[in-house]
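Colleague: Numbering (UniProt numbering), first residue to last: 1 to 333.
Note that beta-carbon positions come from the ideal geometry of N, C-alpha and C, so glycine has one too.
Nothing here was measured: the structure is a model prediction, and the numbers come from that model.
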Amino acid sequence: MCKDIFSTHFQTKSMLCKRTRFHILIFSLILSLPSTSYGSHSLSLLSTYIQGITEFPKFSYITTLDDITVGYYNSEIYIPKGNMTNEDDVIESGYIKGISDYMYKSFMRRSALLKNYSQTESLCVYQTVVVCELLELDNPGKMIIKDAAGGCTTDELSYFNNIFTYTVTVNVTQEVLKPHLEESKQEFAKIFYPICITTLRNYLKKRGGQVNRRITPNFRLTKKTNSDSGRSRVSCLASGFYPRHINLILFRDGQPVSDHEITGGDLLPNADGTYQMRKSLEISAADKHKYTCSVTHLTLDVTLESVSSEPFKSAILSVLIVFGLLFGTGIVI
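(1) Apart from the five residues just before and just after GLU55, which ones in its own chain have a Cβ nearer than 6 angstroms to its Cβ?
(2) Identify which residue in TYR102, SER106, CYS132 has its Cα closest to the Cα of SER40.
(3) Give the range of the alpha helix (DSSP H) segment to which VAL211 is assigned.
(4) Roughly how many whole angstroms lie between the Cα atoms of GLY264 and SER294?
(5) Is any non-hydrogen atom of the ligand PLP found closer than 8 angstroms to the C-beta of LYS223, if you look at the structure I gave you?
(6) Note down, in chain order, each residue of its chain lying with its Cβ closer than 7 angstroms to the Cβ of ALA238, except the 5 sequence neighbours on either side.
(7) Where in the UniProt domain "Ig-like" (217 to 305) do unbroken runs of the alpha helix (DSSP H), each at least 4 residues long, occur, reported from the N-terminal end onward?
(8) So, is LEU268 buried or exposed, given that buried needs 16 or more other C-beta atoms within 10 angstroms?
(9) Given TYR61, which residues of its chain have a CB within under 8 angstroms of its CB, disregarding the five upstream and five downstream residues?
(10) From the DSSP output, which residues share a beta bridge with LYS146?
(11) Do you know how far the Cα of VAL234 is from the Cα of ILE53?
(12) Looking only at its own chain, which residues have a Cβ that is under 8 angstroms from the Cβ of ARG201, when we skip the five neighbours before and after it?
(13) Whole angstroms is fine: what's the gap from TYR95's alpha carbon to TYR78's?
(14) What residue range does the beta strand (DSSP E) around SER60 cover?
(15) Specify, as a first and last residue, the run of the beta strand (DSSP E) that SER75 falls within.
(16) Do you know how far the Cα of GLU261 is from the Cα of GLN255?
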């Protein structure tokens, strides 16, 4: 199905749209964004065009600094989100209108070309995500633009150090591809990349304290027995931490438990802007192994231990506050 979907300006033999829930599409695309490491930052714009009748705006986009939503466009006006200070100078109003018009016209072209091939579909959803990043020491990083239709990525263009990389998942001839690609390269290098990097720097001046904050995770290792089956579930949970980068490992007798035995492990958001992660393992009533959980985060390094014939209990091995300070300054002992 995905390989038969029309990509940004390209026509394929079979063009079909999926009836897919709007919020599921947004969630899946956000999770597919590149994850920046600590010390680097990203700015992303996720735009959506809906062909059909829904309770959502026909055209909209959200702007995100790292993992924090900083703005929303609802087809009529750009609305700043969560700002504690005036951010009118972060991006020029002319840029907002220009970007909005460009994205909308691009979606309209894709929709018009698909219309003849999807008469039976009452709802079609198209999305584009644009991401740029600043690396450590304020060095400009990669910029990526990714298109999707019906929940499937159709093509991706990346730009870094004056080098373009293009990947397409639909059948497109070079004759059709080349003019579009050359046009996109010029737009990337001369317009979108400079604007994105400048806007990212401006947002960091306003919200640096918000995206650079550090919050220690709450953690626990638990064992819960199912009275019906007699089996137990060993779970390790880390919650309430920021930034989002964390390493959570379950051990059996000192050895990491294989990933295929573990359920969970997804990074999930909390309502307060922090994150949580849980990993669980089903064990039999006769299981006598010793299970531990290792949680590594920028703010601390913790191991939770279980002791045979005793309830699970926590043992904090070390809270590396000094490590956190040295990490931030780049000092190595």
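Modeller: Inspection of the coordinates gives the following:
(1) none
(2) CYS132
(3) 193 to 211
(4) 15 angstroms
(5) Ligands displayed in this structure: none; no statement on the ligand PLP is therefore possible.
(6) PRO217, PHE219, ILE246, LEU248, GLN276, MET277, VAL295
(7) none
(8) exposed
(9) LEU45, LEU46, SER47, THR48, TYR72, TYR73, SER100, MET103
(10) VAL129, GLU156
(11) 46 angstroms
(12) LEU134, ASP138
(13) 11 angstroms
(14) 59 to 65
(15) Neither: SER75 is in no beta strand (DSSP E) and is coded neither H nor E.
(16) 13 angstroms
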